[in-house]
Amino acid sequence: MATKKERLDFSDEGSVNSLNVENSVQGLANKIPFKDIERSQTFFDLLDSFILLIDENSHIILANKKARNFLGFEDKEVANINFPEICIPEDEKENVLSFFSSILSDGKVESQVLETSIIGLDGTSKSFSINTSLLKDTFSSEKAFLLSCAAISKQKEPESHSLPAVANIFTHLDSIPYSLILSDYRGMITFWNRNASILFGYEKSEVLGKPISLIMPKRYRKAHEGWDELISIGKSPVVGKIIEVTGLRKNGTEFPIELAITTTRVKGEIFHGAFINDISKRKMKERLMTISKNKYRMIFEKSPLGIFHFDERGVITQCNENFVKIVGAPEETVISAIMGFNMLESFKDESIKKAIQQVLAGIPARYEDNFDSPFSNKVIPIKAEFSPVISEEGKLMGGVCVVEDFTERKAAEEALNKYAEELARANEELKSLDRMKDEFLSNLRHELTTPLIPIKGYSELMFDGALGELSEKQHDAMEKIMLSSERLKRLIDSLLYVSITEGGSVDYTFLPLRMSEVIDSAIRDRSPEIASKRHEIERSIPSDIPLIEGDLEYLQEVFVNVIDNSVKFTQEDGKIEVSVVLQEDKKLHIKVSDNGIGISEENLPLIFNRFYQVDGSSTRKYGGNGLGLYICKKIIVAHNGQMWAESKEGVGTDIHILLPVK
């Protein structure tokens, strides 16, 4: 008996938007996931063909509605029934089993046709042409047969059917990378694939038989009413096109989707299909790109710097307003003068041409110099930063340049340089004045010391009675003359020390010294002043204090000065304490304390400055030239020591000195 392969009757009776099942799914896929077989039941039930799926042992795995009606089985009775044993007449069983066995042994996937009889519900057998395809499981070595059975008795030739198309539908329903949803003419969902569940969050059992508007935001549901009628008559503006709409998930969230709608007739009944793709990521990327472009455009247009783009030939393709201002081009000639300008051919400056060639080789470059603008008569000092522009595919697309006009900066630098030169000249003049001052102090010291020597000498002779007996008043007067000459000598020595240190280094003679002897000598030197103010001197110096190395004359000067300050700034009947302690770091800690007037917190950091006096007025109560502590600290530092003060106004002052032992 003649047989032929036949396409399933999915025609839409002339509609231009119809979907032909065989044409909509291309290529036969003989490897399918057997675990997903049950998902195809709904589609097979729609087909006006007798469809069976049996395993290698000829047991029925799946039977569509038409097959179940013919064989007289309920839905649940079909599974595991031996097809040849129950459904094939006894005299044809061997032929059928041999036919299946030959397909398994050959392993061929091409469909083959078998004519045989099948026993129906009423017990009578009818002749069928069975188009058989071998199917293989994607995840195992299992095999099965897909049988499309066309009754021969109803027509001269077997009923047309398309087994490859059926197999393709079965294979691709759940494996396509899109969500696939079908609904009937009423808009009720009849099919829902795996990707639809992933996309919308509904399981198949939750949506089958429900209106397709379930996955639409409420604001769109009214517009959806009557769309199936428009589609059925071929006038819908959306069928056959890809459109972008909004979907609604089970959890209530909305998201953008891409939708392709088709319509199909199965034996006169209309079915609508929707292929849906989630485009959230694409939309987000587009939005970010739009934001990025807007930001870049804003930066490009509003930047205080000049910016221009150029292509791989060095031709300017775009620039911002500030670049036009920097190069001095008239605004009305921007298109004609700047756009399309070939920098490599027209620039005269070889340095900037070299920078452009470098960036066109994919290497960033910079240029900083006076730029002779070809767009005007201006010469502008500019700083230009060039960067290559590389596409995502790695292709060089030209470059971008950021230009800064530093005319004002250059003017400021020139003014700063001029100021620095003037400052250097002023500094030299100050140094010259310092030298003049030092020379003056040196000459003054010489002129003052010369007459002071005989005054001091004769005063001591008269005070000692070597030149005759003195009355009590004369004796007191000579004592005051001696004290004043001694004060004058210290003043002159201070000026001399400052003059020497400013002009060069002081020559110290370092010898082993006992600290107690240095301090005792300073106390004896100031004993007349101590006695006149009735001060109490308390001395605490251990006998086993180690020696130090120092210059006796200069160290005596330090302690004479420190003790003299304590005497001077302490009221009558005051107390002065001198102590020496050997520290663990092998340094002597000498402290001279008094209970005098003290020093304010704001003046304390300044007392070691040259010529500094807490009271610098001409009516000040206490004398002095402001050099004593300045000189003392320089001497201590020259002995590798340290000197500092602690004081509280109205309470007293502590002078601390650290000196290394020998």
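Be aware that the sequence shown starts at 3, since it is given in my numbering, and climbs by one per residue. In this text, a Cβ means the ideal position worked out from N, Cα and C, and glycines have one as well. Since we're looking at a predicted model, the values are computed, not measured.
- A Cβ-Cβ separation of about 16 Å leaves Glu256 out of contact with Asn279 under the 8 Å criterion.
- Looking at the DSSP output, Ile483 shares a beta bridge with no other residue.
- Across the structure, Val247 and Phe325 are spaced so that their CA atoms are roughly 44 Å apart.
- Each of Tyr187, Tyr180, Ile56 was checked against the Cα of Lys145, and the nearest Cα belongs to Ile56.
- With respect to the C-alpha of Glu651, the residue from His658, Asn597, Gly643 having the closest C-alpha is Asn597.
- Between Val594 and Val569, the C-beta spacing is not below 8 Å.
- CA-CA distance, Asp478 to Asp466, rounds to 12 Å.
- The continuous stretches of alpha helix (DSSP H) do not include Arg541, which lies in the beta strand (DSSP E) extending over residues 538 to 542.
- For Glu604, there is no enclosing beta strand (DSSP E), as DSSP marks it with neither H nor E.
- The C-beta of Tyr369 has 16 or more other C-beta atoms within 10 Å across all chains shown, which makes the residue buried.
- Burial check for Lys397: the Cβ neighbour count within 10 Å stays below 16, so the residue is exposed.
- Around the beta carbon of Val329, 16 or more other beta carbons sit within 10 angstroms, so the residue counts as buried.
- Beta bridge pairing from DSSP links Phe130 with Thr118, Ala153.
- Annotation for Ile56: the continuous beta strand (DSSP E) segment containing it runs 52 to 57.
- DSSP places Phe75 outside any beta strand (DSSP E), giving it a letter other than H or E.
- The alpha carbon of Phe561 has as its nearest neighbour, out of Thr451, Thr126, Val580, the alpha carbon of Val580.
- Of the other Cβ atoms in all chains shown, 16 or more fall within 10 Å of the Cβ of Ser185; this residue is therefore buried.
- Following the DSSP letters along the chain, one finds Leu554 in no beta strand (DSSP E) but inside the alpha helix (DSSP H) bounded by residues 554 to 570.
- Excluding residues up to 5 positions away in sequence, Ala339, Ile340, Phe377, Ser378 lie with their Cβ nearer than 7 Å to the Cβ of Ala331 in the same chain.
- For Val404 and Lys433, the gap between their C-alpha atoms comes out near 47 Å.
- In the three-state DSSP reduction, Lys420 falls in the helix class (H, G or I).
- The alpha-carbon of Val381 is positioned some 15 Å away from that of Ser353.
- Looking at Asp351, Ala533, Glu586, the one whose alpha-carbon comes closest to that of Gly576 is Ala533.
- Just measuring C-alpha positions, the residue of Ser104, Asn567, Asp47, Ser375 sitting nearest Gly628 is Asn567.
- For Asp374 against Lys350, the beta-carbon gap comes to about 7 Å, under 8 Å, which counts as contact.
- Taking one beta carbon from each stretch, the region 511 to 518 and the region 546 to 555 have 3 or more pairs nearer than 8 Å; the two touch.
- Separation of Arg251 and Leu210 (C-alpha to C-alpha, rounded to the nearest whole angstrom) is 16 Å.
- Spanning the alpha carbons of Lys128 and Glu92 requires a straight line of approximately 14 Å.
- Rounded to whole angstroms, the separation of the alpha carbons of Phe408 and Met438 is 45 Å.
- Under DSSP, Lys577 takes part in a beta bridge, and its partners are Glu538.
- If one requires a minimum length of 4 residues, the alpha helix (DSSP H) runs lying completely within the region 171 to 222 are 196 to 202, 206 to 209, in chain order.
- Assigned with DSSP and collapsed to three states, Gln644 falls in strand.
- For Ile83, there is no enclosing beta strand (DSSP E), since its DSSP letter is neither H nor E.
- Under DSSP, Ser649 takes part in a beta bridge, and its partners are Thr655.
- By the C-beta density criterion, Lys588 is exposed, having fewer than 16 other C-beta atoms within 10 angstroms.
- Taking a contact to require three or more Cβ pairs closer than 8 Å, the region 186 to 195 and the region 35 to 45 qualify as touching.
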